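Undergrad:
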Amino acid sequence: MARKMKSLIAALMLVGGAGAAGTPAMAQSGGELHIYNWTDYTSSEMIKKFEAETGIKVTVDTYDSNETLLAKLKAGGGGYDIVVASNDFVPILIKSKLIQEVDPYKMDTYDNLTDVGKNRSWDPGSKYTIPYQWGTTSYVADTAIYKGPMNSLKELFEPAPELKGKIGMFGSPSEVMALVLVYMGKPQCNTNPADLKQAQAILEAQKPFVKLYNSDGIHDRMIAGETVMHQSWSGGSARARFGRPTVAYAFPKEGVVGWMDNVAVPTSATNVENAKKFMAFLMKPENIAMTSNEVVYQSAVKGVEKYLKPELADAPEFKVPEGEKIVFSEPCSEDAIRFYDRIWTKLRK
Numbered sequence: 041m042a043r044k045m046k047s048l049i050a051a052l053m054l055v056g057g058a059g060a061a062g063t064p065a066m067a068q069s070g071g072e073l074h075i076y077n078w079t080d081y082t083s084s085e086m087i088k089k090f091e092a093e094t095g096i097k098v099t100v101d102t103y104d105s106n107e108t109l110l111a112k113l114k115a116g117g118g119g120y121d122i123v124v125a126s127n128d129f130v131p132i133l134i135k136s137k138l139i140q141e142v143d144p145y146k147m148d149t150y151d152n153l154t155d156v157g158k159n160r161s162w163d164p165g166s167k168y169t170i171p172y173q174w175g176t177t178s179y180v181a182d183t184a185i186y187k188g189p190m191n192s193l194k195e196l197f198e199p200a201p202e203l204k205g206k207i208g209m210f211g212s213p214s215e216v217m218a219l220v221l222v223y224m225g226k227p228q229c230n231t232n233p234a235d236l237k238q239a240q241a242i243l244e245a246q247k248p249f250v251k252l253y254n255s256d257g258i259h260d261r262m263i264a265g266e267t268v269m270h271q272s273w274s275g276g277s278a279r280a281r282f283g284r285p286t287v288a289y290a291f292p293k294e295g296v297v298g299w300m301d302n303v304a305v306p307t308s309a310t311n312v313e314n315a316k317k318f319m320a321f322l323m324k325p326e327n328i329a330m331t332s333n334e335v336v337y338q339s340a341v342k343g344v345e346k347y348l349k350p351e352l353a354d355a356p357e358f359k360v361p362e363g364e365k366i367v368f369s370e371p372c373s374e375d376a377i378r379f380y381d382r383i384w385t386k387l388r389k
């Protein structure tokens, strides 16, 4: 989605706040917490609950890309105690020493995480971050118009004749390349000339079927019937289905691309203990559900389902089939990025 997560400690205060009659007691903590998160990605209801339980005053500022976050942290951090970064940027932040070890794996609520939330290759051992929201990338189709199969990425990259001029693709070269490489069964961040030549050929052959390359407004286009099939994130698919019930999300046999946003504490943070409390708070299902209900993506916390809105708890887009391959995006080398840009430039001519 370019999209992109949040999150310890003293269950004494947090557990105490979860007590009687569902009314949180005001914890004797206090202080401040400054959060830097993606636009439209923080639940105001969840923030109010955290403030009521801890006495900590929270402020939230927003950004629109990982690059903006990286620039802010490199410039000194902006006074933030919590930041949210995509999985492919977490290794960059760790290597640059822009986020600090806070050992989430030692937190009382850490065991609430699912295996997907614990086993994150970009933060082995969960020393720096916790998961916030996550999702997958595949494609959607309006099944009232498209009657063909949806069990392979072939339907997207080698479309049926009736889909000519009716397909939408992302406007991001890295995300388009990530999905076509999954279709090919090839490694991500690929610099192999033969693989890149094949990927380019697939995309060039697909081009006459593509109405537009644009990552914005996907669910609006599907609802309006402007596109019949579209590369899509799982959450975008759900929103499209809410507006047009015949829209369906594919879990292809080749796999899907996975992404996850992560909550971290900047090295420059001044309210580290409060940041840890917030991370622990987010690993409780009743709390992270407030965010999932607003942003329409998945959390990696066990037991969250019973706190979700019915339309989300039962969303087929979030029910990844057993055995489905999820290929998480990773930071690519400069060479890979350069090769992708060349393919993209030629494709868009």
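In this note's numbering, the protein residues as written are 41 to 389. All C-beta atoms, glycine included, are put in the ideal place defined by N, C-alpha and C. Owing to the predicted nature of the structure, the values given are computational and were not obtained by experimental measurement.
#1: Using the Cβ count rule (16 or more neighbours within 10 Å means buried), how would you classify Arg-279?
#2: Buried or exposed for Glu-215, going by 16 or more other Cβ atoms inside 10 Å?
#3: For Gly-276, which option in Tyr-186, Ser-178, Ala-200 has the closest C-alpha, if you only look at C-alpha atoms?
#4: Are the CB atoms of Arg-378 and Tyr-253 within a distance shorter than 8 Å?
#5: If you compare alpha carbons, which of Ala-218, Lys-251, Phe-249 is closest to Asp-235?
#6: Just to check my reading of the structure: Ser-166 and Tyr-145 have Cβ atoms closer than 8 Å, yes? What is that Cβ distance to the nearest angstrom?
#7: Whose C-beta lies closer than 6 Å to the C-beta of Gly-210 among residues of the same chain, with five residues either side of it excluded?
#8: Using DSSP with H/G/I as helix, E/B as strand and the rest coil, what is Gln-271?
#9: Distance check for Val-220 and Gln-228, CA to CA, integer angstroms please.
#10: Can you give the Cα-Cα distance for Ser-83 and Met-330, rounded to whole angstroms?
#11: Between which residues of its own chain and Glu-266 is the CB-CB distance below 7 Å, once the five residues before and five after are set aside?
#12: Is the CB-CB distance between Val-303 and Ile-328 below 8 Å?
#13: In the structure shown, what three-state DSSP assignment does Gly-57 receive?
#14: Distance check for Met-262 and Asp-182, CA to CA, integer angstroms please.
#15: Taking three-plus beta-carbon pairs below 8 Å as touching, is the stretch 184-204 in contact with the stretch 333-340?
#16: In the DSSP assignment, the alpha helix (DSSP H) including Trp-384 goes from what residue to what residue?
#17: Check whether the stretch 234-248 and the stretch 295-314 touch, using three or more Cβ-Cβ pairs below 8 Å as the test.
#18: Exposed or buried, what is Asn-191 when buried is set at 16 or more other beta-carbons lying within 10 Å of its beta-carbon?
#19: Are there 16 or more other CB atoms within 10 angstroms of the CB of Arg-382, so buried, or fewer, so exposed?
#20: With H, G and I counted as helix, E and B as strand and the rest as coil, what does DSSP make of Glu-266?
#21: For the stretch 83-94 against the stretch 108-119, do three or more pairs of beta-carbon atoms, one drawn from each stretch, fall closer than 8 Å, so that the two count as touching?
#22: Going by DSSP in three states, Thr-231 sits in which element: helix, strand or coil?
#23: Look up Asn-152 in the DSSP assignment and give the residues it is bridged to.
TA: By the coordinates alone:
#1: Within the sequence shown, numbered from 1, the residue matching residue 279 stands at position 239. Buried.
#2: Taking the first residue of the sequence shown as position 1, residue 215 is located at position 175. Result: buried.
#3: By one-based count along the sequence shown, residue 276 stands at place 236. Checked all of Tyr-186, Ser-178, Ala-200; the closest Cα to Gly-276 is Ser-178.
#4: Here residue 253 refers to the residue found at position 213 of the sequence shown. Here residue 378 refers to the residue found at position 338 of the sequence shown. No, the Cβ-Cβ distance between Tyr-253 and Arg-378 is not below 8 Å.
#5: Along the sequence shown, read from residue 1 onward, the residue named residue 235 stands at position 195. Per the Cα distances, Ala-218.
#6: Here residue 166 refers to the residue found at position 126 of the sequence shown. Here residue 145 refers to the residue found at position 105 of the sequence shown. The Cβ separation is near 4 Å, so the contact holds.
#7: Numbered from 1 along the sequence shown, position 170 holds the residue referred to as residue 210. According to the sequence provided, residue 210 is Phe. The question's Gly does not apply to it. Val-216, Ser-255, Gln-271, listed in sequence order.
#8: For this step, residue 271 is matched to residue 231 along the sequence shown. DSSP places Gln-271 in strand when its eight states are reduced to three.
#9: For the purposes of this step, residue 228 is taken as the residue at position 188 of the sequence shown. For the purposes of this step, residue 220 is taken as the residue at position 180 of the sequence shown. Approximately 10 Å, taken between the alpha carbons.
#10: Taking the first residue of the sequence shown as 1, we reach residue 83 at position 43. Taking the first residue of the sequence shown as 1, we reach residue 330 at position 290. For Ser-83 and Met-330, the distance between alpha carbons rounds to 6 Å.
#11: For this step, residue 266 is matched to residue 226 along the sequence shown. So no residue of the chain qualifies.
#12: Counting from 1 along the sequence shown, the entry for residue 303 is found at position 263. Counting from 1 along the sequence shown, the entry for residue 328 is found at position 288. Their beta carbons are not under 8 Å apart, which means Val-303 does not touch Ile-328 by this criterion.
#13: The count along the sequence shown starts at 1 and reaches residue 57 at position 17. Because Gly-57 carries a pLDDT of 37, less than 50, the predicted location of this residue cannot be relied on, and no value is offered for it.
#14: The residue you call residue 182 lines up with position 142 of the sequence shown. The residue you call residue 262 lines up with position 222 of the sequence shown. In a straight line, the C-alpha of Asp-182 is about 7 Å away from that of Met-262.
#15: no
#16: Taking the sequence shown and counting its residues from 1, one reaches residue 384 at position 344. Looking at the DSSP string, the run of the alpha helix (DSSP H) that includes Trp-384 is 374-387.
#17: no
#18: By 1-based counting over the sequence shown, the position of residue 191 is 151. Exposed, because fewer than 16 other Cβ atoms sit within 10 Å of the Cβ of Asn-191.
#19: By 1-based counting over the sequence shown, the position of residue 382 is 342. Exposed, because fewer than 16 other Cβ atoms sit within 10 Å of the Cβ of Arg-382.
#20: Along the sequence shown, read from residue 1 onward, the residue named residue 266 stands at position 226. In this structure, Glu-266 counts as coil in the three-state DSSP scheme.
#21: no
#22: The residue given as residue 231 occupies position 191 in the sequence shown. Thr-231: coil per DSSP, three-state reduction.
#23: Against the sequence shown, residue 152 aligns to sequence position 112. Answer is none; Asn-152 lacks a bridge partner.
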